[in-house]
Structures are given as structure tokens and as C-alpha cells.
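Numbering (the numbering used here), first residue to last: 320 to 601. Using N, Cα and C, we set each Cβ at its ideal position, and we do this for glycine too. On a predicted model such as this, the values are computed, not experimentally measured, just so you know.
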């Protein structure tokens with residue numbers, strides 16, 4: 320039997336590799352979605368060069384030079400290159416080592432809380448990667464991709480059936496109601512905001528992401544997710560105001576905080592349940 324040190328080391332290394340790939344997904348998926356939407360809107364067949372998650376090879380966005388394999392080592396390469404392209408010295412964003420670091424830490428956390436390598440830790444890993452992609456894309460581009468939210472939604476609903484006996488997720492009916500209430504609650508909030516201020520308070524992407532999270536936590540935990548997300552967003556907003564980086568025109572993307580709150584609610588579901596029971600007893 321493997322020791323916990325070996326298990327955590329393997330999980331961390333796997334997280335680094337996954338994080339490196341997620342950086343490609345985060346960079347390319349919005350472009351792929353935008354191209355598909357443009358081609359469908361104009362009834363065009365895509366005659367441009369092939370562009371997907373695998374083609375072309377990783378390259379510098381500034382000089383378009385392909386990146387050598389030894390410059391793609393997670394975290395280490397970024398620091399050895401001092402955050403600059405080897406060819407043109409263009410700045411490589413901090414996002415790359417940060418995403419790799421987070422996936423490494425999250426992978427260790429997931430394996431630790433799920434009792435090692437098993438089907439549940441694999442599903443949690445998929446859940447984490449989808450949420451992380453949505454969070455970073457929304458932070459950078461101020462968009463939430465429907466494709467990722469739908470994957471999260473269906474993965475949550477199917478998992479509620481597969482893991483029903485393990486009681487690590489809500490019952491299937493609770494997951495379904497969680498998805499419905501998640502979508503409708505945000506839709507109604509935005510409807511009221513629009514009626515009062517003649518503009519949207521949040522995008523439809525937030526509705527769908529909250530619906531997907533609802534499928535994972537069930538309708539009972541949705542208020543906790545919102546409260547945690549608001550707390551995260553409030554701290555971020557204060558920091559933006561203090562550093563004078565806040566822009567009223569752009570606003571604050573809610574997706575990253577919603578994703579973070581959803582992750583916390585799923586990973587620490589048992590502790591939240593105990594907290595709720597304690598509050599009821601008081």
C-alpha cells in the first residue's frame with residue numbers, strides 16, 4: 320500500500336500536468352467558441368487554418384514562435400525564463416504558473432479528502448478543472464462558456480446517480496431541483512434588477528453556472544454557495560478599490576467567486592452539513 324507521501328506526490332505532479340493543459344484550454348477555448356459562433360452566424364464554412372486545443376503547437380502569442388518542450392515544464396520553466404518568452408522577451412502572464420500551482424494544490428486536497436485514488440477523486444478532479452477554467456476565463460474575458468457549464472451540469476446529475484449510495488452528493492431529485500432553483504433564482508434576481516435599473520445585473524452565463532453548481536450541491540446548499548461567493552467577491556472588490564483598479568464600466572466578474580464557492584461547498588460538504596445541523600439544534 321502506498322504511503323500518503325507517495326500518494327500526495329503523484330497527485331501533485333498530476334495536478335501540474337493537468338494545470339499546464341488547462342492553460343491551453345483557457346487560452347484557446349474562448350477563441351474556438353467565438354470562431355464557431357461567427358461561422359454559424361454568417362453561415363460560413365471555416366476556411367481558416369486548423370485551430371483547436373491540439374493544433375497548432377504551443378507558441379508565443381507575441382512572436383508566434385513555437386515553444387520548445389523544455390520551456391513547457393510546469394512552474395519551473397516560467398521562473399527560469401523570468402516570465403519572458405525565450406525568443407522575443409515578451410511577458411508571459413502570471414496566470415500560467417498560478418493555474419499550475421492551484422491545480423497541484425487542488426489535486427492534493429481532492430486526493431486527501433476522498434481517501435486516495437478512486438472514482439470519486441477522478442470525478443472531483445473533473446469538477447475542479449471545469450470550475451477552474453470557467454473562473455479564469457470569466458476573470459480574463461468576462462464571459463462564461465455554455466459548453467463548460469453544460470458539462471458541469473450533466474456531470475453533476477450523472478454523478479448524483481452513480482454515487483447515490485456513497486452519500487457524497489445530494490440525491491438525484493435534490494440535484495435536479497438544485498439545478499432548477501439555481502437557474503431560476505439568478506434569473507429572477509436579474510429580472511428584478513432589470514425592471515428597476517433598465518439593465519442586466521448579471522449575465523445569462525451566471526444563471527447556467529449556478530444551475531450547474533446546484534446539480535452538485537443540491538438546492539439546500541445553494542444559499543451557502545451564494546453567501547460564500549458574495550464574501551469572496553466583497554473582499555476582491557475592496558482590494559480593487561484600495562488599489563484603484565476598480566472600473567465601474569467593467570464591473571466585477573461573479574463567475575470566479577461562484578466557482579470557488581461551489582468548489583468549497585462540494586469538497587467540504589460533510590462539514591457544512593454538520594454546521595447546518597448544529598445551527599438547527601441551537
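### Proximal residues to residue 579 (C-beta, below 6 Å), its chain only, five neighbours per side dropped
551
### Query
Are residue 337 and residue 426 closer than 9 Å when you measure CB to CB?
yes
### Query
In terms of alpha-carbon separation, which member of 461, 382, 491 lies closest to residue 409?
382
### Query
How long is the line joining the alpha carbons of residue 440 and residue 472, rounded to whole angstroms?
Rounded to the nearest angstrom, the two C-alpha atoms are 18 Å apart.
### Query
Is residue 410 helix, strand or coil by DSSP?
strand
### Message
Quick test of your reading: residue 457 and residue 575, contact by CB under 8 Å. State the CB separation rounded to the nearest angstrom.
### Response
About 6 Å; that satisfies the 8 Å criterion.
### Cα-Cα separation between residue 564 and residue 572, rounded to whole angstroms
14 Å
### Query
Can you list, in chain order, the residues of its chain whose CB lies under 7 Å from that of residue 455, leaving out five sequence neighbours each side?
Cβ contact annotation for residue 455 (same chain, cutoff 7 Å, sequence separation greater than five): 345, 414, 418, in chain order.
### Task
Kindly give me the distance between the Cβ atoms of residue 452 and residue 341, rounded to whole angstroms, as I take these residues to be in contact under 8 Å.
6 Å
#### Entry: Alpha carbon of residue 351 to alpha carbon of residue 369, nearest angstrom
10 Å
### Query
Going by the CB atoms, is the gap between residue 431 and residue 321 shorter than 9 Å?
no
### Task
Could you name each continuous alpha helix (DSSP H) segment of 4 residues or more that falls completely within the segment 443-513, going from the start of the chain to the end?
465-481
### Message
Once DSSP output is grouped into helix, strand and coil, what is the label at residue 559?
### Response
In the structure shown, the three-state DSSP call for residue 559 is helix.
### Query
Sorted by chain position, which residues of the same chain lie with C-beta nearer than 7 Å to residue 530's C-beta, five sequence neighbours on each side aside?
Within the same chain, residue 530 has close Cβ partners 472, 498, 501, 502.
### Query
Beta carbon of residue 540, beta carbon of residue 485: below 9 Å?
no
### Message
Would residue 391 and residue 433 qualify as a contact pair, given that the criterion is a beta-carbon distance under 9 Å?
### Response
no
### Query
Sorted by chain position, which residues of the same chain lie with C-beta nearer than 6 Å to residue 534's C-beta, five sequence neighbours on each side aside?
472, 475, 476, 494, 497, 498
### Query
Between the Cα of residue 406 and the Cα atoms of 416, 385, 525, 389, which residue gives the shortest distance?
Ranking 416, 385, 525, 389 by CA distance to the CA of residue 406 puts 385 first.
### Message
To the nearest angstrom, how far is the alpha carbon of residue 491 from that of residue 483?
### Response
Annotation: residue 491 to residue 483 spans about 8 Å, alpha carbon to alpha carbon.
### Message
Out of 429, 377, 397, which one is the CA nearest neighbour of residue 334?
### Response
Minimum Cα distance to residue 334 is reached at 429.
### Query
Nearest to residue 570 by CA position, among 561, 582, 556, is which residue?
Ranking the options by Cα distance to residue 570, first place goes to 556.
### Query
Distance, Cα to Cα, residue 523 vs residue 511?
C-alpha separation (whole angstroms): 14 Å.
### Message
If distances are taken between C-alpha atoms only, which option among 480, 450, 509 comes closest to residue 469?
### Response
450
### Message
Restricting to Cα atoms, I'd like to know which of 437, 359, 411, 577 is closest to residue 544.
### Response
The shortest Cα separation from residue 544 among 437, 359, 411, 577 belongs to 577.
### Task
Assign residue 518 to buried or exposed, taking buried as 16 or more other Cβ atoms, counted over all protein chains shown, within 10 Å of its Cβ.
exposed
### Query
Do you know how far the Cα of residue 507 is from the Cα of residue 527?
13 Å
### Query
From which residue to which residue does the alpha helix (DSSP H) around residue 575 run?
574-586
#### Entry: Euclidean distance between Cα positions of residue 521 and residue 566
16 Å
### Task
Select from 538, 348, 553 the residue whose C-alpha is nearest the C-alpha of residue 463.
348
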